[in-house]
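Participant: For what it's worth, our numbering labels the leading residue of the sequence shown as 425, then goes sequentially.
All C-beta atoms in this analysis are idealised placements derived from N, C-alpha and C, irrespective of residue type, glycine included.
Keep in mind it's a predicted model, so treat the numbers as computed, not measured.
Just passing along the structure, written as structure tokens.
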Amino acid sequence: MEEITYSILDSTIINNEENRILISSVMQFAISISGEGRYNYIAWGLRMEEAFKRIKEINENKISERLKIFKNLGDRTRYEVVRLIASGVTSTKEIAKALGVTSATISYHINNLLQSKIIKIDRTENRYGYVVDHKLLEEIISGLKEDLKTPQK
Numbered sequence: 425m426e427e428i429t430y431s432i433l434d435s436t437i438i439n440n441e442e443n444r445i446l447i448s449s450v451m452q453f454a455i456s457i458s459g460e461g462r463y464n465y466i467a468w469g470l471r472m473e474e475a476f477k478r479i480k481e482i483n484e485n486k487i488s489e490r491l492k493i494f495k496n497l498g499d500r501t502r503y504e505v506v507r508l509i510a511s512g513v514t515s516t517k518e519i520a521k522a523l524g525v526t527s528a529t530i531s532y533h534i535n536n537l538l539q540s541k542i543i544k545i546d547r548t549e550n551r552y553g554y555v556v557d558h559k560l561l562e563e564i565i566s567g568l569k570e571d572l573k574t575p576q577k
């Protein structure tokens, strides 16, 4: 079961040695486990393997997104750019001056930060500027904490 579900379902949820599996074509994306009586019955949707594969891909994509963000924040210049943007400095020229680099260098780093979604373009009072996506960063930190939790056994 752990192999088919990519360890999303723990095999210990079925405690009897004999289990009866019923394949459901009606509820194709559902699993139902009944442990009453002599046997465990598992109603397994016909397309559940496909669903678990998709869940695994989604989880892997989330990890890839986290890695991309951490790699971007691991660069000192990008980290400083994010700090300046968070403090309200959104002009490429001002950021470049504050960091002692060229505007082209800052444009390059801002492009990477936009691609990784750490910052986004916002419009306030008919003016465009960059803002830090704090909600995304909070989600990334929560995901990291979840990834680092010790599995309960």
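1. On the CB-based measure, 16 or more other CB atoms within 10 Å of its CB, does V506 come out buried or exposed?
2. Any chance the region 544-555 sits against the region 509-517, with 3 or more Cβ pairs inside 8 angstroms?
3. Closest to Q452 by C-alpha separation, out of I445, L470, E442, would be which residue?
4. Considering only the beta carbon of each residue, do R500 and I564 sit closer than 8 angstroms?
5. Just tell me which of K559, I493, I487 has its CA closest to the CA of L572.
6. Tell me, which residues are paired with R471 by DSSP?
7. For I530, which of A520, L537, L538, S566 has the nearest alpha-carbon?
8. What number of angstroms, rounded off, separates the C-alpha of R462 from the C-alpha of E481?
9. Can you give me the Cβ contacts of E442 inside the same chain, cut-off strictly under 7 angstroms, excluding the 5 residues immediately before and after it?
10. Using 10 angstroms around the beta-carbon of L537, count the other beta-carbons present and answer buried if the total reaches 16, otherwise exposed.
11. Give me the DSSP bridge partner(s) of I543.
12. Strictly by DSSP, which residues pair up with Y463?
13. What is the C-beta distance between I447 and W468, in whole angstroms, given that I count them as a contact (C-beta under 8 angstroms)?
14. For A454, collect the residues of the same chain with a Cβ closer than 6 angstroms to its Cβ; drop the 5 residues on either side in sequence, then sort them by chain order.
15. Given a threshold of 16 other Cβ atoms within 10 Å of its Cβ, counted over all protein chains shown, does I445 qualify as buried or as exposed?
16. Within 10 angstroms of the Cβ of R502, are there 16 or more other Cβ atoms? Answer buried if so, exposed if not.
Facilitator: So, to answer that:
1. Buried: at least 16 other Cβ atoms inside 10 Å.
2. Proximity of the region 544-555 to the region 509-517 meets the contact definition, three or more beta-carbon pairs being nearer than 8 angstroms.
3. Nearest option by C-alpha distance: L470.
4. No, the pair does not count as a contact, with Cβ atoms beyond the cut-off.
5. Residue I487 holds the alpha-carbon nearest to the alpha-carbon of L572 among K559, I493, I487.
6. The partner list for R471 (beta bridge, DSSP) is empty, contrary to what the question assumes.
7. Ranked by how close their Cα comes to the Cα of I530, the residues A520, L537, L538, S566 have A520 in first place.
8. Rounded to the nearest angstrom, the two C-alpha atoms are 37 angstroms apart.
9. Result list for E442: Y463, in chain order.
10. Buried: at least 16 other Cβ atoms inside 10 Å.
11. DSSP output for I543 lists V556 as bridge partner(s).
12. Answer is none; Y463 lacks a bridge partner.
13. So it is a contact: roughly 6 angstroms between Cβ atoms.
14. Here the set comprises G469.
15. Taking every protein chain shown into account, the CB of I445 has fewer than 16 other CB atoms within 10 angstroms, so this residue is exposed.
16. In summary, R502 is buried, with 16 or more beta-carbon neighbours lying within 10 Å of its beta-carbon over all protein chains present.
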